[in-house]
Amino acid sequence: MTAADHHPVAAVIPYWLGRPALEALEVAHAAGSVGIGAVWAGEMLSFDAFALMGALARETSLHLTVGPLAVGIRTPVGIAMGVASLQALAGTERVAVALGASTRAVTEGWHGREWTDLPARLEETAGIVRGVLDGERTDHAGALSTRGFRLGIESASPEVAIAAFGPRSLEVAGEVADRLVVNLVTPVQAGRLAEAVPGRPVTAWVGTAVDPTPEALARIRRQVVLYLAAPG
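The letter at position 192 of the sequence shown is residue 755 when you use our numbering, and the numbering goes up by one with no holes.
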């Protein structure tokens, strides 16, 4: 059992369009105040995920999962350095990392990086991040390449989750991930995806309105439309 398994319900920091960016901190504190002991934070148009989680590491006792981080944008060494920094601030048991493919629009359009070899990048990033955080010196050549780096800060290999949807990414998650992450799926679909990664815990991101006012539901609908439109 991992530290994340002690928190069956976690809050995902929402980056609502048109809302103040610092509401992200308020959401995390509100989650903790009602007994939710863990938060996840990815990246979109505002906070760098590690910067946001660094603030929460010092301000709260929440378990922190950073990501999913796009493996086509961040290097494995950069991810490992960020995780180690959070571990130094929060303690190794409070930090996990999630990896994902993101979209072509984000990877190529925003960041000018190639959106290719994604399953291989997921697999290799997971392995390199674990090795770096275990204190190993990098020596890897494949879809990704790194050589000669050794982390200069105390660290430990964290839980590594992978956000996967396609057959090859699911295969990678089943082989190397500690946890599968799925998003915008029905309970039946979540069950089928879980069957593809036997023995791995599955985390489903679910859009939820705690106080389901028309305004709250409309905001969720807008975010879902943006998410579904991104791949195309």
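For every residue, glycine included, the Cβ atom is placed at its ideal position computed from N, Cα and C.
Since the structure is predicted, the reported quantities are computational estimates derived from the model, not experimental observations.
Nearest residue (CA-CA) to residue 746, options 738, 734, 735 and 728: As a first step, residue 746 is located in the sequence shown; it is residue number 183 there, counting from the start. Out of 738, 734, 735 and 728, 728 has the C-alpha closest to the C-alpha of residue 746.
DSSP three-state assignment for residue 592, whether helix, strand or coil: Numbered from 1 along the sequence shown, position 29 holds the residue referred to as residue 592. Assigned with DSSP and collapsed to three states, residue 592 falls in helix.
For the structure I just gave you, are there three or more beta carbon pairs, one from the stretch 599-612 and one from the stretch 621-630, closer than 8 Å? Touching, yes.
Confirm, please, whether the CB-CB distance from residue 661 to residue 724 is below 9 Å. Along the sequence shown, one-based indexing puts residue 724 at 161. Along the sequence shown, one-based indexing puts residue 661 at 98. Yes. Within cutoff.
Name the DSSP bridge partner or partners of residue 725? Counting from 1 along the sequence shown, the entry for residue 725 is found at position 162. Its beta-bridge partners are 662 and 743.
Apply the 10 Å Cβ neighbour rule to residue 795 and answer buried if 16 or more other Cβ atoms are within range, or exposed otherwise. Residue numbering aside, residue 795 sits at position 232 when the sequence shown is read from its first letter. Unreliable positioning characterises residue 795 in this predicted model, as indicated by a pLDDT of 44, which lies under 50. A coordinate reading is not provided.
Nearest-angstrom Cβ-Cβ length linking residue 546 and residue 674, presumed shorter than 8 Å: In the structure as shown, the chain starts at 564 and stops at 795, and residue 546 therefore has no counterpart that could be examined.
What is the C-beta distance between residue 696 and residue 634, in whole angstroms, given that I count them as a contact (C-beta under 8 Å)? Residue mapping note: residue 696 aligns to position 133 of the sequence shown, counting from 1. Residue mapping note: residue 634 aligns to position 71 of the sequence shown, counting from 1. No, residue 696 and residue 634 are not in contact; Cβ-Cβ is about 16 Å, not under 8 Å.
Would you mind listing the beta strand (DSSP E) stretches within the stretch 752-779 that are 3+ residues and don't spill past its ends, in chain order? Whole beta strand (DSSP E) segments, 3+ residues: 765-768.
Hey, out of 622, 771 and 756, whose CA is closest to residue 575's CA? Position 12 of the sequence shown, counted from the start, is the residue given in the question as residue 575. Of 622, 771 and 756, the residue nearest in Cα terms is 771.
Could you give the uninterrupted runs of the beta strand (DSSP E) lying entirely in the stretch 599-663, keeping only those of 3 residues or more? List check, beta strand (DSSP E) in window: 601-604, 626-633 and 658-663.
Are residue 649 and residue 620 touching if we call contact CB-CB under 9 Å? Residue mapping note: residue 649 aligns to position 86 of the sequence shown, counting from 1. Residue mapping note: residue 620 aligns to position 57 of the sequence shown, counting from 1. In this structure, residue 620 lies closer than 9 Å to residue 649 by Cβ.
Would you kindly work out how many angstroms separate the C-alpha atoms of residue 587 and residue 622, rounded to a whole number? One-based indexing of the sequence shown puts residue 587 at position 24. One-based indexing of the sequence shown puts residue 622 at position 59. CA-to-CA, the gap between residue 587 and residue 622 works out to about 13 Å.
With a threshold of 7 Å on Cβ separation, who are the neighbours of residue 577 within its own chain once the five nearest residues in sequence on each side are excluded? The residue labelled residue 577 in the question sits at position 14 within the sequence shown. Non-local beta-carbon contacts of residue 577 in its own chain, meaning distances under 7 Å to residues more than five positions away in sequence, involve 590 in chain order.
From residue 754 to residue 730, what does the alpha carbon distance come to, in whole angstroms? For the purposes of this step, residue 754 is taken as residue 191 along the sequence shown, with counting starting at 1. For the purposes of this step, residue 730 is taken as residue 167 along the sequence shown, with counting starting at 1. Residue 754 and residue 730: Cα-Cα distance of roughly 15 Å.
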